[in-house]
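Enquirer: The sequence shown begins at 623 in this note's numbering and counts up one residue at a time.
No residue lacks a Cβ here, since even glycine has one placed at the ideal position from N, Cα and C.
What follows is a structure written as structure tokens; I'll ask about it next.
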Amino acid sequence: MSRKRAFDRDTVLEIALLEFWRHGYEATSIASLTAAMGIRPPSLYAAFGDKRHLFEEVVERYRRYDFSSRALAEEPTARAAISRMLREAAASYTDPGHPPGCLIFSAAVNVGPESADVREAMRGIREAAKAAITARIASDVAAGLLPEGTDPGALALFYAATIQGMSAQARDGATRRDLERIAGLAMLAWPGEREGTPDEHPPARRDAPDGHPGRGRG
């Protein structure tokens, strides 16, 4: 008969997620993971294979709370979707309930050649997100909701860079209010947007799928 695991898989996965989020992929060791998770290395290997496969599960878990894809799917226009993405990024990246910033942006920033596959995997996720923003903007251009001549790729690149910069600023100690100011200024770059005071009023706070307010993840 197989021996029953002495730990809850979801619980230890959440702990591992926070470890990778806090320290990055390469700086997070098996020793630090098992200490935080409260399990022995053989149990980790038996349950998850190795550090690389554990990280893959962590990333998939993290992406369940992706506010960007929800905004693109739920909002009526690209402008509304991107404005929501920026506001929710400001809330998520500064939420005291977890490490600052975005795991996808920060986990594989400083990795050596032996972890190049991890860096490329994170890059692939970011490129897919940028492509989704581009497609949403292009759809609005085709529908006549944006001026002719709008470059969807360039606009998507600008907002992807803004969101990535907001993550970095949060890790450097920026507050939610700081990031909301960045979000408001960034929306002034939207084609056809009139100059004036940035919209600094965030949308109503939404509950994340796990029932914890403010736990949306980028």
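1) Could you give the DSSP three-state label for D739: helix, strand or coil?
2) Out of A805, L639, A778, R793, which has the shortest C-alpha to C-alpha gap to A658?
3) Considering only their Cβ atoms, is the gap separating L694 from R758 smaller than 8 Å?
4) If you reduce the DSSP assignment to three classes, tell me which class D762 lands in.
5) For P813, collect the residues of the same chain with a Cβ closer than 8 Å to its Cβ; drop the 5 residues on either side in sequence, then sort them by chain order.
6) Quick one: Cα of K673 to Cα of I652, how far?
7) Go through its chain and collect everything with a Cβ distance to M788's Cβ below 8 Å, but skip five positions before and after it.
8) Do Y647 and F677 count as a contact pair if the criterion is CB distance below 8 Å?
9) Would you check if the distance between the CB atom of I661 and the CB atom of V634 is smaller than 8 Å?
Expert: On the basis of the data shown:
1) Assigned with DSSP and collapsed to three states, D739 falls in helix.
2) When only C-alpha atoms are compared, the closest one is L639.
3) yes
4) helix
5) L768, P769, T772, L777
6) 7 Å
7) L708, A711, A712, Y715, A796, L801, I804, A805
8) Taking 8 Å as the Cβ cut-off, F677 and Y647 qualify as a contacting pair.
9) yes
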